[in-house]
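Enquirer: Using our numbering, you'd call the opening residue of the sequence shown number 598 and step up by one each time.
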Amino acid sequence: MPTYQTESDIASEEDTINFLRCKWGFKIERMPDFHEFDYAVINKAGSVKGLVEIKNRKADAAKYPTIILSMSKVLAARQWKDLGIRCFLAARVGKGKPRVIDINETKPTDIRFGGRDGRNHQEPLAHYDKKDFKVI
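1) I'd like the span of the beta strand (DSSP E) that includes K652, first residue to last.
2) Quick one: Cα of L617 to Cα of F623, how far?
3) Is F634 closer than 8 Å to C684 when the C-beta atoms are compared?
4) At the level of alpha carbons, what is the spacing between L722 and P662?
5) Which residues mark the beginning and the end of the alpha helix (DSSP H) in which F616 is found?
6) So, using beta-carbon positions, are I607 and I614 closer together than 8 Å?
7) Identify which residue in E611, Q719, A687, R713 has its Cα closest to the Cα of D561.
8) I'd like to know whether the C-beta atoms of I733 and K652 end up nearer to each other than 8 Å.
9) Can you check DSSP and say which residues form a bridge with P721?
10) Looking at the structure shown, is D736 part of a helix, part of a strand, or coil, going by DSSP?
11) For R713, count the other beta carbons within 10 Å of its own beta carbon; 16 or more makes it buried, fewer makes it exposed. Which is it?
12) Roughly how many angstroms lie between the CA atoms of M598 and E611, to the nearest whole one?
13) Can you check which of these residues, V690, Q719, N640, P705, is closest to A656 by C-alpha distance?
14) Based on Cα-Cα distance, which residue from S609, H724, T603, V638 lies nearest to W677?
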């Protein structure tokens with residue numbers, strides 16, 4: 598399975614996660630490649646209490662009103678919720694501060710078919726309105 602994540606993408610994600618670590622006060626560990634979510638939030642007892650998907654976008658993405666997430670991740674979040682695990686989508690545009698939604702507590706404004714052109718990566722995508730994201 599191909600991966601489109603660059604070293605720069607990983608560094609940007611780590612910057613966002615370090616911000617969340619400081620704000621939330623939890624241990625946050627990177628998940629294996631191709632896992633449903635990017636990071637696990639772990640309490641002092643070692644229990645997984647949450648999962649985080651990171652969407653960092655370049656500054657020119659500010660012109661778009663939504664942040665998109667694969668519907669497969671939205672459905673996975675529902676399964677994790679059944680186990681008492683909260684799932685978050687953290688988004689940062691440009692050098693702005695990360696903003697977060699609880700995936701299971703936030704309704705997408707739309708579900709559209711789309712994705713990366715030319716990469717055979719078209720699928721149903723949940724569109725979350727940027728105004729629903731909370732600054733941490």
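For every residue, glycine included, the Cβ atom is placed at its ideal position computed from N, Cα and C.
Expert: So, from the listed chains and residues:
1) Unbroken beta strand (DSSP E) run through K652: 645-654.
2) It is roughly 8 Å from the alpha-carbon of L617 to the alpha-carbon of F623.
3) Yes, the Cβ-Cβ distance between C684 and F634 is below 8 Å.
4) Put simply, the backbone Cα of L722 is about 14 Å away from that of P662.
5) 604-621 is the span of the alpha helix (DSSP H), which, as asked, contains F616.
6) Not in contact: I607 and I614 (Cβ atoms no closer than 8 Å).
7) An answer regarding residue 561 cannot be provided, because it is not within the stretch 598 to 733 covered by the chain.
8) Taking 8 Å as the cut-off, the Cβ atoms of I733 and K652 do not count as close.
9) F710, per the DSSP bridge assignment.
10) Examination of residue 736 is not possible in this model, given that the chain is present from 598 through 733 alone.
11) Exposed, since its Cβ has fewer than 16 Cβ neighbours within 10 Å.
12) Note that M598 scores 47 on pLDDT, short of 50, meaning its location in the model is unreliable; the coordinates nonetheless yield the value given after this. Their Cα atoms are separated by approximately 23 Å.
13) Taking only the C-alpha atoms, the option nearest A656 is V690.
14) Nearest C-alpha to W677: V638.
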